[in-house]
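Have a look at the structure below before the remarks.
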Amino acid sequence: MGATKSSSSGIKKIAAAGTMRKLMADHFYELDRAVKDGHPKVAWCTSVGPAELLRAMGFLVYFPENHGAMLGATRMATETIPAANAIGYSPDICSYLTSDIGAFLQNRTPLSNAYEGIDAIPKADVLVYNTNQCRDVQDWFAWYGKRWSSPVIGVECYRGVGDVTDVHVSGIAGQIEALIPTLEEVSGTKFDIDRLREAVRLSRKCSDLWKDVLETATAKPSPLTFFDSTIHMAPAVVMRGTQSAVDYYNELLPELQARVADGVAAVEGERVRLYWDGMPIWGRLRDLATLFLELRTCVVASTYANSWIFTALDPDDPFNSMARAYTELFIVRSDRQKERYIDNMIETFGVDGLIFHDAKTCPNNTNCQHGMPERVFERLGAPSITIAGDLNDLRCYSDEQAKTQIEAFVEQLGGRVEARPRGG
Ligand code: SF4
66 MGATKSSSSG IKKIAAAGTM RKLMADHFYE LDRAVKDGHP KVAWCTSVGP
116 AELLRAMGFL VYFPENHGAM LGATRMATET IPAANAIGYS PDICSYLTSD
166 IGAFLQNRTP LSNAYEGIDA IPKADVLVYN TNQCRDVQDW FAWYGKRWSS
216 PVIGVECYRG VGDVTDVHVS GIAGQIEALI PTLEEVSGTK FDIDRLREAV
266 RLSRKCSDLW KDVLETATAK PSPLTFFDST IHMAPAVVMR GTQSAVDYYN
316 ELLPELQARV ADGVAAVEGE RVRLYWDGMP IWGRLRDLAT LFLELRTCVV
366 ASTYANSWIF TALDPDDPFN SMARAYTELF IVRSDRQKER YIDNMIETFG
416 VDGLIFHDAK TCPNNTNCQH GMPERVFERL GAPSITIAGD LNDLRCYSDE
466 QAKTQIEAFV EQLGGRVEAR PRGG
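In the numbering used here, each number is its position in the sequence shown, counted from 1, plus 65.
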């Protein structure tokens, strides 16, 4: 393995990124071709919707939240959100939804800038949601479904789940099975349980590798940051259930393991380790990555990137295990369960402090509003700050305020880390 290269900002480059860029290009060109040819059929799916079933039925699967993240990362969202506000979608609801619908109304997409020849997002033959994240996804899909006269079907999930029980599992599994007749009609393909088992097997394999990738960050110094993981999670998000995603993580994992073996730090001189809770601030990923680099601080783990780990998936019991995996998702759980999870992350990744992102338009993936940071501090003595912001709507985020907060927090933590007894 060659020496790790850095960008001009000092961010260490991950060599596998080249493969990922090609994979993503293939993914979008394949979808674009399918829409132009009318075959295979295209299904839209929410991020933790039943992608495995859709693949088993022969659909190409498109994830609008990934498009939402592209709108945020390119900052195109700032220009497109008002168009959705103008037709009645409040600036207070999900800014993935508003930026995506706004972009459609303005006839633009970041895909056109990234991939020559692609003029539009892929039109859906069917839209399949899971409300395990939020109701916004259902509304979002309903808007497109009406526009295109395409069926909108999905799974209505339990919320605030404590322990996941057989009642939860059978309720969700039944709803997943009930999607099959519509999917058969749209795809013209008969459901085949063996194809579903294969998609679930590949999805589980991808999830296991992604988990291993993220766990390399337990090493001190960490070989990757939260900001790296928001980029490299793309295949786990949009290609879950395919061999391509498995192949990608089989390439990325050894690269990171080699960094660990060689003591290569993602953040040179790593001094402080943080946990990020909540959504990324897509339009400021690079700025934040650079700021933390300068502060010799590594954001080693996050709830967000870990949300694509589905250890319950089991090809021998596809429907029940999909139901369990989708219901074990962090965002669906009770605060008590979420706190257990975060406690475990703090221990596992050797975290010095936490950053809670209070995302204005995503209360669903914001966990700091009901006393959680204070409870984490009481239990584990882990300090935190809360940053006001948003995933895509940069009007809700102040660069200066966030920078001041982060710098002060790291300074305080740096003192704590240095004062810690050796071996402690
Ligand atoms: S979870 Fe948040 S960001 Fe994701 S679709 Fe729902 S409201 Fe939008």
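From the three backbone atoms N, C-alpha and C, an ideal C-beta is built for every residue, glycine too. Treat the numbers as computed from the prediction; the structure is a model and nothing was measured.
query                                                                                                                            : result
C-alpha distance - methionine 89 paired with glycine 480, whole-angstrom precision                                               : 42 Å
Residues near leucine 136 in its chain [Cβ-Cβ closer than 7 Å; skip 5 each side]                                                 : Ala142, Thr145, Ser164, Asp165, Ala168, Pro175, Asn457
Cα-Cα separation between valine 107 and glycine 133, rounded to whole angstroms                                                  : 18 Å
Unbroken alpha helix (DSSP H) run spanning serine 235, endpoints                                                                 : 231 to 242
Euclidean distance between Cα positions of aspartate 231 and glutamine 434                                                       : 30 Å
Simplified DSSP assignment, three categories, for serine 449                                                                     : strand
Reduced DSSP secondary structure (H/G/I, E/B, other) of phenylalanine 93                                                         : helix
Alpha helix (DSSP H) segment containing tryptophan 347, residue limits                                                           : No alpha helix (DSSP H) contains tryptophan 347, which DSSP labels as neither H nor E.
Neighbour-count burial assignment, glycine 75, 16 or more Cβ in a 10 Å radius                                                    : exposed
Proline 380 vs arginine 269 beta-carbon contact at 8 Å                                                                           : yes
Euclidean distance between Cα positions of proline 288 and valine 217                                                            : 42 Å
For leucine 192, the residue or residues it bridges with in DSSP                                                                 : Trp109, Val217
Short Cβ contact (8 Å threshold) for glycine 225 with tyrosine 194                                                               : no
Beta-carbon proximity of leucine 318 to valine 278, cut-off 8 Å                                                                  : yes
Distance, phenylalanine 395 Cα to phenylalanine 375 Cα                                                                           : 11 Å
Proximal residues to methionine 66 (C-beta, below 6 Å), its chain only, five neighbours per side dropped                         : Below a pLDDT of 50, predicted positions are generally treated as unreliable, and methionine 66, at 45, falls in that range; the measurement from the model is reported next regardless. Cβ within range, chain order: Ala323.
Of the residues Val202, Ile407, Glu316, Cys461, the one placed nearest proline 448, counting alpha carbons only                  : Ile407
CB of valine 311 within 8 Å of CB of leucine 261, strictly                                                                       : no
Beta-carbon contacts of valine 332 that lie in its chain and below 8 Å, excluding the five residues immediately before and after : Pro286, Ser287, Thr290, Phe357, Leu358, Arg361, Thr362, Cys363
Where aspartate 190 falls, given that 16 or more other Cβ within 10 Å makes a residue buried                                     : buried
Per DSSP, the bridge partner or partners of serine 367                                                                           : Trp341
Straight-line Cα distance separating asparagine 172 from proline 156                                                             : 20 Å
Counted within 10 angstroms of its Cβ, other Cβ atoms place asparagine 178 as buried (16 or more) or exposed                     : exposed
Backbone CA spacing between serine 235 and alanine 473 [nearest angstrom]                                                        : 49 Å
Limits of the alpha helix (DSSP H) - the one that phenylalanine 124 falls within                                                 : Neither: phenylalanine 124 is in no alpha helix (DSSP H) and is coded neither H nor E.
Check: methionine 298 C-beta below 7 Å from any heavy atom of the ligand SF4                                                     : no
DSSP three-state assignment for valine 278, whether helix, strand or coil                                                        : helix
Opening and closing residue of the alpha helix (DSSP H) in which alanine 284 lies                                                : Careful: alanine 284 lies outside any alpha helix (DSSP H) and carries neither H nor E.
8 Å Cβ shell around glutamate 242 - same chain, five flanking residues per side excluded                                         : Phe384
For phenylalanine 375, the three-state DSSP class (helix, strand or coil)                                                        : coil
Close beta carbons around leucine 459, own chain, < 6 Å, minus the five adjacent residues each side                              : Thr143, Gly348
Beta-carbon spacing of leucine 366, alanine 282 below 8 Å                                                                        : One point to set straight first is that residue 366 is alanine, not leucine, in the sequence displayed. A contact, by the Cβ cut-off of 8 Å.
For threonine 307, the three-state DSSP class (helix, strand or coil)                                                            : coil
Cα-Cα separation, lysine 70 to lysine 78                                                                                         : 5 Å
Phenylalanine 128 beta carbon less than 8 Å from that of valine 265                                                              : no
heavy atom of the ligand SF4 below 7 Å from glutamate 130 C-beta                                                                 : yes
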